[in-house]
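Chemist: Chains as they are written, first to last, in my numbering: chain A, 12 to 351; chain B, 12 to 351.
Below are the C-alpha cells for one structure; questions will follow.
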DNA sequence: CATCAAAATACAATCGATTGTATTTGTAAA
DNA sequence: TTTACAAATACAATCGATTGTATTTTGATG
C-alpha cells in the first residue's frame with residue numbers, strides 16, 4: 012500500500028492506455044461504459060486517488076481560492092469565512108484559510124505561498140501592519156485575481172466588498188450623543204487602514220452635525236487589543252474634563268476599556284456610555300452588554316466569493332473594466348452599555 | 012505579464028539549460044556563483060515564481076500539513092492552530108486549515124481533498140458526528156501519517172495528543188461537591204467521542220468518591236450548542252427534586268444554561284453552581300464569570316505538530332512501533348459561577 | 001462480403017521542476 | 001603543449017495526469 016497507485020498502474024493492470032483511464036475517471040463520453048466500469052472497479056480495488064498536483068499542473072487550474080484574514084478567531088472573520096466556504100464549495104472550489112496575525116511579513120509570506128501553489132484567486136482582509144503593498148502589486152502583476160473584503164487598500168483595478176464604516180461610525184457616535192453624551196472618546200486603529208479612517212470620519216461627522224466641538228485628544232490610536240482599550244480608558248480618565256462616552260472601533264478594545272472602568276469604579280453606562288464595533292459574541296454576554304455595530308460577515312463572504320469567481324471565470328483582457336466596490340450596510344445593536 | 016515565467020524562460024533568455032536554472036534557484040553547489048547571479052537577476056527581472064505544483068509533484072513531497080478542526084471560531088481550536096502553525100513554520104512546513112463544522116460528510120471531503128493534494132501529514136480533531144472511520148482508515152492505508160488531538164478515535168497505530176478529560180471531569184465535579192452541591196446535573200456530548208465519555212466518567216468517579224448516588228436522569232446528552240444548554244437547563248429544572256449544581260462538558264452549553272437560569276430567576280451560583288469546560292474567553296466575561304477547565308491549546312498544537320513531523324521524517328517501516336498517546340493536564344479556573 | 005462512418009482506444013506531447021548521468025570547460029601539474 | 005581531474009554545464013528521464021491527434025475496432029448498410 013505504500014506507493015500511491017496512478018492511472019498508469021490501473022492502465023497496466025487492465026492492459027489499456029493511461030489516457031483512457033484518465034478519460035474514464037473524468038467520465039468522458041469518449042470511453043465506453045463497459046470500459047469505464049472495469050476501470051472504476053480496478054481503481055477502487057487498488058485504492059486509487061487522483062493526484063491533484065499532477066492534474067492541476069497539467070490543467071493550469073487548481074479550483075482553489077486562498078483566503079487571508081488577520082485572525083481566524085475573530086467572530087466577524089470566521090463568519091466571513093463561512094460565507095466564503097459555502098459559496099466556494101457550491102461552485103466546486105476549495106478554500107485555503109490563512110491568518111496573518113496582523114503581521115505584514117506573515118501576510119507577505121502567505122501571499123507568496125498561495126501564488127506559488129497557483130491558487131485561482133485570493134480574498135483578503137489586510138493586516139493592521141500593512142502599509143506597503145509590494146506583495147499585493149506583485150499579485151496583481153502576476154495576473155492572479157484577488158479582491159478585498161472589509162479591510163482594503165487603495166490599489167487600482169482591485170474590487171472590494173466593504174461595509175459602510177463611515178455610516179457605522181456616524182451611527183455609533185450619534186447614538187451616544189442622543190443618549191446625552193457630551194465628551195465622547197474614540198478608539199481608532201492604524202490610519203493606514205481605510206476602515207479606521209472612515210469610522211473616525213463618521214465620528215467627526217456626527218459631532219459636527221450635533222455641533223459638538225472635535226477634540227483631537229479624545230481620539231486615541233492603537234492596535235485595538237484588549238489592553239489597548241484599558242490604556243485608552245486610563246488616558247480618557249486622565250483628561251482635565253469629564254469624558255462621558257466612548258466609541259471604540261472594535262469590541263475588544265471597548266471591552267478592555269469597560270473592564271478598566273469597572274475596576275476604577277466608573278459606572279457604565281451611567282458615567283460612561285460605550286459603543287463598540289463588530290458585534291463579537293462576547294459583547295452580548297458581558298455585563299453590561301455592549302452596544303455595538305453589527306457587520307453582515309456571512310453575506311460579505313458570499314458576495315466577495317461570487318465576485319471573485321466571476322473574475323476568475325473572465326478572460327484576462329476583460330478584467331480591467333469590472334472593478335467594483337460593494338458597500339454593505341451595518342446596523343447598530345443597542346444594548347445596555349449605552350442606555351443612560 | 013499574463014503567462015507565468017518558468018525556469019525554461021529564464022534558461023532561454025540566458026541561453027543555458029533549465030536544469031542549471033533549477034539548481035541555481037535551489038542554491039546548489041554545482042552551479043558557479045557567476046551563473047547563479049545572472050540567473051537570480053534574470054529571475055527577478057522576469058518576476059519568476061516557482062511553481063510548487065510542479066516542484067512538489069516531482070519531489071513527491073509538499074511540505075504541507077493539513078489540520079482539521081470542528082470549528083476555527085472556537086478559542087480552544089484556534090489556540091491549537093496557533094501552536095501548530097508556529098511549530099510547522101519553524102520546520103519549514105505550510106499549514107492548511109480546514110473546518111468540518113461538526114459534520115461527518117464534510118470531514119470526509121476534507122480528508123479526501125487533503126490526500127488528493129498530497130499533504131505530508133494531517134492533524135485532526137474529529138467532528139461530533141464522526142461515528143464511522145472509513146475515511147480515516149483509508150488515510151491510514153494510504154500511508155499518510157496523521158495524528159489526533161483532543162478529539163480522537165480508537166484506531167490502531169495512530170498517536171494522539173489529548174488532555175486528561177477524566178481528571179478534568181473529576182475536578183469539575185468534585186469542585187461542585189466541595190462547594191456544597193448535592194444534585195449535580197451533567198451535560199455531555201456524543202458518546203462516540205472519548206472526550207465526552209471520559210469527562211462523564213470523571214463526573215461519576217467524583218460522585219462515587221463523595222458517596223453521592225449517580226442518577227442517570229441528571230446526565231443529558233446533546234451537541235452542546237448554546238440552545239442545547241438552555242434546553243438542558245429546562246430539563247434539569249423540571250426534575251421532581253432540586254438540582255443545585257451543573258457540570259457542562261463545554262462552556263457554550265454552560266452559558267446557554269446560565270442564560271436560561273437567569274431568565275427563570277434561578278440564581279447562579281447561589282441556587283445553581285456551574286462549571287464549564289474549555290475556558291472560552293467569553294466565560295471570563297459573562298456575569299457571573301464561569302468556572303471552567305482550562306486546556307493548554309497552544310501546547311497541544313506544538314506537541315502534536317512535533318510528533319507528526321517526526322513521523323513524517325521516519326521511514327514508513329519504522330512507523331509501527333512509535334504509537335504514542337500524550338496526555339496533558341488541564342486545570343480548574345475557579346470563577347464566580349461556582350462560589351456559593 | 002466490402003465499405004464507411006462512428007465509436008473506442010492508443011499514441012505522444014505537455015504542464016514545470018528536479019535529478020542522475022553525460023559531456024564540456026577550465027586549470028594546474030607534468 | 002599535453003594530460004588529468006575537477007568544476008561547470010548540458011542532456012534526458014521523470015513525477016502523474018490531461019488532451020489533441022492518430023489509429024483501430026465496431027457495426028450498420030448496400
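The beta carbon of each residue, even a glycine, is placed where N, CA and C say it ideally should be.
(1) Give the straight-line distance between the Cα atoms of residue 383 of chain B and residue 147 of chain A, rounded to the nearest whole angstrom.
(2) Tell me, please, whether the CB atom of residue 427 of chain A is closer than 8 angstroms to any CB atom in chain B?
(3) Give the secondary structure of residue 76 of chain A by DSSP, where H, G and I count as helix, E and B as strand, and everything else as coil.
(4) Kindly list, in the order they appear in chain A, the residues whose Cβ is closer than 7 angstroms to that of residue 298 of chain B.
(5) Using a Cβ cut-off of 8 angstroms, pull out every chain A residue sitting near residue 353 of chain B, in sequence order please.
(6) When the cut-off is 8 angstroms and only beta carbons count, does residue 248 of chain B lie next to chain A?
(7) Starting from the beta carbon of residue 86 of chain B, find every residue of chain A whose beta carbon is closer than 8 angstroms, and list them in chain order.
(8) Which full runs of the beta strand (DSSP E) of 3+ residues lie inside the segment 99 to 146 of chain A, going along the chain?
(9) Using DSSP with H/G/I as helix, E/B as strand and the rest coil, what is residue 168 of chain B?
(10) Once the 5 residues before and after residue 292 of chain A are set aside, which same chain residues still bring their CB inside 7 angstroms of it?
(11) Would you say residue 350 of chain A reaches chain B, if we count a Cβ-Cβ gap shorter than 8 angstroms as a contact?
(12) Cutting at 6 angstroms between CB atoms, please list the residues of its own chain near residue 209 of chain B, excluding the five before and the five after it.
(13) Between the beta-carbon of residue 63 of chain B and the beta-carbon of residue 127 of chain A, is there less than 8 angstroms?
(14) Buried or exposed for residue 294 of chain A, please, with buried defined as at least 16 other CB atoms from any protein chain shown within 10 angstroms of its CB.
(15) Is there a Cβ of chain B sitting closer than 8 angstroms to that of residue 43 of chain A, yes or no?
(16) Which of the residues in the segment 289 to 323 of chain A, read from start to end, lie with their CB under 7 angstroms from any CB of chain B?
(17) Residues in the same chain with beta-carbon distance under 8 angstroms from residue 213 of chain A, minus the five sequence neighbours each way, listed in chain order, please.
(18) Can you give the Cα-Cα distance for residue 311 of chain A and residue 196 of chain B, rounded to whole angstroms?
(19) For a contact defined as C-beta to C-beta under 8 angstroms, what are the partners of residue 37 of chain A on chain B?
(20) Considering only C-alpha positions, which residue in the set A:49, A:125 and A:80 is nearest to residue 61 of chain B?
(21) Going by DSSP, what residue range makes up the alpha helix (DSSP H) through residue 352 of chain A?
(22) Taking Cβ to Cβ, would you say residue 2 of chain A is nearer than 8 angstroms to residue 144 of chain A?
(23) Return the residue from the list B:317, B:274 and B:350 that minimises the CA-CA distance to residue 335 of chain B.
(24) Can you have a look at residue 200 of chain A and say buried or exposed, based on whether 16 or more other CB atoms are within 10 angstroms of its CB?
(25) Using a Cβ-Cβ cut-off of 8 angstroms, state whether residue 135 of chain B counts as contacting chain A.
(26) Use the C-beta contact count for residue 202 of chain B: other C-beta atoms within 10 angstroms, 16 or more gives buried, fewer gives exposed.
(27) Give the single residue among A:104, A:308 and A:281 whose Cα lies nearest to the Cα of residue 347 of chain A.
Modeler: Inspection of the coordinates gives the following:
(1) Beyond the ends of chain B as shown, which are 12 and 351, falls residue 383 of chain B; an answer cannot be given.
(2) For residue 427 of chain A there is no data in the structure shown, the boundaries of chain A being 12 and 351.
(3) strand
(4) 298
(5) Past the boundaries of the shown model lies residue 353 of chain B; chain B is included only from 12 to 351, so the question cannot be answered.
(6) no
(7) 84
(8) 105 to 110 and 132 to 135
(9) coil
(10) 86
(11) no
(12) 176 and 177
(13) yes
(14) buried
(15) no
(16) 292, 293, 296, 297 and 298
(17) 176, 177, 178, 179, 180, 181, 182, 183 and 184
(18) 41 angstroms
(19) Going along chain B, no residue has its Cβ under 8 angstroms from residue 37 of chain A, so there is no contact; the nearest lies around 14 angstroms.
(20) A:125
(21) Given a span of 12 to 351 for chain A in the structure shown, any question on residue 352 of chain A remains unanswerable.
(22) Since the first residue of chain A shown is 12 and the last is 351, residue 2 of chain A is not available in this structure.
(23) B:317
(24) buried
(25) no
(26) exposed
(27) A:281
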